[in-house]
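Residue numbers (this note's numbering): 1 to 183.
Right, dumping it as structure tokens:
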């Protein structure tokens with residue numbers, strides 16, 4: 001029994017260190033530049049990317065159009081989350097909330113008879129992120145959802161039917177997302 005507890009503790013420590021080591025580095029590509037979404041979020045993308053805002057009622061929606069040669073359009077929406085105001089706020093509690101959303105199947109609305117998705121929890125620059133990808137690349141939605149209980153802000157970015165050769169580009173953009181520093 002003690003051996004099992006030791007192995008579990010070691011595995012948990014390794015997972016924590018793994019997540020922390022990826023958090024501290026923003027995805028950097030020397031040909032990419034930083035773009036701003038709303039007043040609260042930044043991301044890196046290839047030069048020539050355009051951010052187009054749309055009219056929203058209680059959030060800030062819009063589109064991210066990558067340079068013409070990439071021919072990829074992502075949609076985003078960001079806003080303020082009132083439900084965080086009365087909850088415990090730390091990385092662990094945010095991870096638990098994300099796991100519950102996945103367990104409820106909150107992403108299953110994307111599934112169609114011939115298009116299935118998978119969801120996973122990761123950390124992106126110190127924030128818990130739910131990343132949804134289609135099982136068959138090129139057919140379905142590639143999405144990231146980040147919530148931050150400290151600022152009560154959230155961001156969702158998704159792309160539909162991302163060509164397989166552009167999937168890694170989109171995931172690089174997703175992994176570069178970070179909040180604007182409040183200093």
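Where a beta carbon is used, it is the ideal one built from N, C-alpha and C, also for glycine.
Where does residue 158 sit, in a helix, a strand or coil, going by DSSP?
-> strand
Could you pull out every residue in the same chain whose Cβ sits closer than 7 Å to the Cβ of residue 133, ignoring the five residues on either side in sequence?
-> 117, 118 and 142
Leaving aside the five residues before and after residue 43 along the sequence, list all residues of the same chain whose C-beta is less than 7 Å from its C-beta, in chain order.
-> 35, 37, 173, 176 and 177
Residues bridged to residue 60 by DSSP?
-> 78
Answer with buried or exposed for residue 147, where buried requires no fewer than 16 other C-beta atoms within 10 angstroms of its C-beta.
-> buried
Look at the alpha carbon of residue 124 and the alpha carbon of residue 144, and state the distance between them as a whole number of angstroms.
-> 10 Å
For residue 153, count neighbouring C-beta atoms within 10 Å of its own C-beta (all shown protein chains included) and say buried if the count is 16 or more, exposed if not.
-> buried
Where in the region 94-126 do unbroken runs of the beta strand (DSSP E), each at least 3 residues long, occur, reported from the N-terminal end onward?
-> 117-124
Beta-carbon proximity list for residue 54, same chain, < 6 Å, skipping 5 on both sides | 61 and 62
Counting only the same chain and skipping the five closest in sequence on each side, list residues whose C-beta sits under 7 Å from that of residue 79.
-> 58, 59, 60 and 154
Smallest Cα separation from residue 75: which of 104, 126, 114 and 156?
-> 156
Cross-strand partners of residue 148 (DSSP beta bridge) = 153
Inter-residue spacing [alpha-carbon to alpha-carbon] between residue 180 and residue 139 = 32 Å
Short Cβ contact (8 Å threshold) for residue 98 with residue 121 | yes
Take the Cβ of residue 170 as the centre, count every other Cβ of all protein chains shown within 10 Å, and call the residue buried at 16 or more, exposed below.
-> buried
In its own chain, which residues sit with a C-beta less than 6 Å from the C-beta of residue 33, not counting the 5 before and 5 after it?
-> 47
When burial is assigned at 16 or more other CB atoms within 10 Å of the CB, is residue 81 buried or exposed?
-> exposed
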